[in-house]
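To keep things clear, I will list the structure first and then write my remarks on it.
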Amino acid sequence: MEPKPAKGRRKGGAHTRWWVYAAGAAGGAAVLALFVIVSGLAGGDAKDPPVVVPVPRPAGLAQEGRVLGAPSAPVTITEYADFQ
Amino acid sequence: MSVLPTLEAEYIITGKAKLELRPIAFLGKNSGLAAQAAECANEQGGFWGFHDVLYANQGGKGSDAFSARNLKRFAEALGMDSAAFTSCLDSGRYASMVVDKTDAASQRGVSKTPTIFVNGTEAMSGLEEMRAAIERSLPGES
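Chains A and B, in that order, give the protein sequences. Under our numbering, residue 84 is the last one in the first sequence; the count climbs by one each step, no gaps. Under our numbering, residue 226 is the last one in the second sequence; the count climbs by one each step, no gaps.
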C-alpha cells in the first residue's frame, strides 16, 4: 500500500520552501560577513595559518637584547642560528 | 629537536650560563628577512618572544613562512607596536647588519647552523656534548 501525500503540508509547501531558502541565504551571508570581519581583524585572510605563540618565558629570567640569562653567569653559550 | 629548552632549564634558568644568539642568514632571502625582523623586535624589547614565535612557525628552507607579511603577523600576534615594527622591517635598516654578521660568522668558521660556542670554544651541538662543554667551563671544573 502506497503512503498517501500529506494534504495539509502540501498546500503551503511553496511558501514554506521560499522562507526556508531565504533564511538559509541570509544565514549564509551573515556567516560569510562574520568570517570576513574576523579575518580582517586578524590581519590575514582565509589561507593564512594561525600564528602559534609559545608560552612566554618566566618573568624572572633576564632577557637583555639577544642575551638570555643572568649577565653574571660564568658560562657564555654563543649560538649562530638561521631562523629558516 | 632543539637542545635549547633542555639547556635553558638546566643552565640558563639556574644562572650557570647565559645564551647569546647571533642571527645569521645562510638559507635565502626569507632567512635574512627573519633575522632583520628579529632585530626589529629587539627594538621593542621583544627579541626572545619573537625568536620563539619564529621557531614555532618555521616552514623549512625555501618556504614562505617568513615572508614579510607573515613576519608582521607574528609581531602583531605578540602584541608589539605593529606600525613601528612594519616601519622598521620595510626600511631594511638591519639588512646590511645581517649580511655583515653572516660574513663575520663565515670568517669565524661557521658554515652551518646551529653552530655553538661555549666560552669561545666551538662545541658539538648534541645535548650530551653541550652538557659536557658547559660543565667543563663552569668554575671549579677543568
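Beta carbons: idealized from backbone N, C-alpha and C, even for Gly. From a predicted model like this one, the values you see are computed outputs, not experimental measurements.
Asked, Found
"Opening and closing residue of the beta strand (DSSP E) in which A/Tyr-80 lies", "75-81"
"Neighbour-count burial assignment, B/Arg-153, 16 or more Cβ in a 10 Å radius", "exposed"
"N-terminal and C-terminal residue of the alpha helix (DSSP H) that B/Ala-121 is part of", "113-127"
"CA nearest to the CA of B/Gly-204, picked from A/Val-75, A/Phe-83, A/Val-67 and A/Pro-58", "A/Val-75"
"B/Lys-196 (DSSP reduced to helix, strand or coil)", "coil"
"Interface residues of chain A facing B/Arg-64 [CB-CB closer than 8 Å]", "A query on residue 64 of chain B cannot be resolved here, the shown segment of chain B reaching from 85 to 226 and no further."
"DSSP three-state assignment for A/Gln-84, whether helix, strand or coil", "coil"
"8 Å Cβ cutoff, B/Pro-223 in contact with chain A", "yes"
"Contact residues within the stretch 142-161 of chain B, judged by C-beta distance below 9 Å to chain A", "Gln-142, Gly-143, Gly-144, Lys-145, Gly-146, Ser-147, Ala-149, Phe-150, Arg-153, Asn-154, Lys-156, Arg-157, Phe-158, Glu-160 and Ala-161"
"Alpha-carbon to alpha-carbon, A/Pro-71 and A/Pro-54", "24 Å"
"Exposure label - A/Gln-84; buried when at least 16 CB within 10 Å", "buried"
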